[in-house]
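Protein sequences, first through last, are from chains A and B. Take the first sequence: its position 139, counted from the start at 1, is 139 in my numbering, and no numbers get skipped. Take the second sequence: its position 70, counted from the start at 1, is 1070 in my numbering, and no numbers get skipped. Below is one structure, written out as structure tokens; the observations come after it.
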Amino acid sequence: MSRIVRTAADLLYPVILIFGLYIVAHGHLTPGGGFQGGAVIATGGALVIVAYSYKEISGWLKKNVLLGREVIGLVGFIGVGLLALAFGQVFFFNYLAGSGSLFGMPVPYGINAGELNTAGVIPLMNFAVGIEVWGGLTIVILYMLSGLEKEGC
Amino acid sequence: MKKMFVVVASLLILAAFFGVMAMTLTFGSPMVTDMDDYFLRHGQEQTGSNNQCTAVVFDFRAFDTLGESTVLFCGIMGAALMFRKMQGGEEYEDE
């Protein structure tokens, strides 16, 4: 693509990344969550992939890293659920809510603006799903682009 | 022709049945509200999440989200499998 598109992509990529991370991190307070935030971040990756050619991008956007990100997301999601068994609870029990530790602040009931440090395992699961969607949706675009390069279209 | 008539008539009867069913329900006041009321009353204190959508998706219905992530994972594995040969440099068998 032209220099204008590349400069715009360079400028927009960190902004898109921060906005997606905001959606993921505030999944238990505002509309959004892991899937939506991960899709927003993957949009930034798609923008960079479209703005640059595959050869330029394959140096720092490696497929193995993205695939590992996807696997880490899914394994982390299941691991957070399985960790409840260590606390003597059932699978996917919210053992951190209201416990006072990480994301465990007691939430004020009723209508309020919300506190980031609440909701127990829900933010952790949001992060795991966000990482998974981030890697997954980016690698699909990267795979298709690499196929196109090989075909010479 | 007779077959066509039977098909159209049964479709019309089915549409009328579902139309009457839909007309009798009023929007915003479902017939059974026990589960909705439970989620809205106890969701905040049980999960600590202000966003009840996320509370349902990631806590009350976490198994559904697990299935969703698995479906995403399997779909991307399928895409990776489909484009595997194009990046390996090996030739197609049918070419």
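The beta carbon of each residue, even a glycine, is placed where N, CA and C say it ideally should be.
- A contact between stretches requires three or more CB pairs, one per stretch, nearer than 8 Å, and the stretch 71–91 of chain A fails this requirement with the stretch 1004–1016 of chain B.
- DSSP, read as helix, strand or coil, puts B/N1050 in coil.
- Within chain A, the C-beta atoms nearer than 9 Å to that of B/F1073 come from E70, V71, G73, L74, E132, G136, in chain order.
- Between A/L47 and A/I16, the gap from beta carbon to beta carbon is short of 8 Å.
- Proximity of chain A to B/V1057 at the Cβ level (cut-off 8 Å) is accounted for by G33, in chain order.
- In this structure, A/N117 sits away from A/G27, with a CB-CB distance that is not shorter than 8 Å.
- Put simply, of A/Y143, A/G34, A/A9, A/T30 the residue whose alpha carbon is nearest the alpha carbon of A/G44 is A/A9.
- Per the C-alpha coordinates, the member of B/E1068, B/F1063, B/L1081 positioned closest to A/V90 is B/F1063.
- Against B/F1027, chain A offers no close residue; the least beta-carbon distance is about 22 Å (beta-carbon pairs closer than 7 Å).
- B/A1080 and A/R69 have their C-alpha atoms some 14 Å from each other.
- Taking all protein chains shown into account, B/N1050 has 16 or more neighbouring C-beta atoms within 10 Å of its C-beta and is therefore buried.
- In the three-state scheme derived from DSSP, where H, G and I count as helix and E and B as strand, A/L29 is classed as coil.
- Counting the other CB atoms within 10 Å of its CB gives A/V5 a total below 16, which places it among the exposed residues.
- Counting only Cβ-Cβ distances below 7 Å, B/A1009 has no contacts in chain A at all, with the closest Cβ about 44 Å away.
- Leaving aside the five residues that flank A/A97 on each side, the residues in its chain whose CB is nearer than 6 Å to its CB run, in chain order, G120.
- Annotation: A/L21 to A/P123 spans about 12 Å, alpha carbon to alpha carbon.
- For A/N64, the enclosing alpha helix (DSSP H) starts and ends at 63–86.
- Annotation: Cβ neighbours of A/Y109 in chain B (cutoff 8 Å, chain order): Q1044, E1045.
- A/S146 carries a helical assignment under DSSP once its states are collapsed to helix, strand and coil.
- Nearest CB-CB separation between B/G1048 and chain A: below the 8 Å threshold.
- When the alpha-carbon of A/F92 is set against those of B/A1055, B/I1076, B/M1082, B/L1072, the nearest one is in B/A1055.
- DSSP places A/A97 in the coil class of the three-state scheme, outside both helix and strand.
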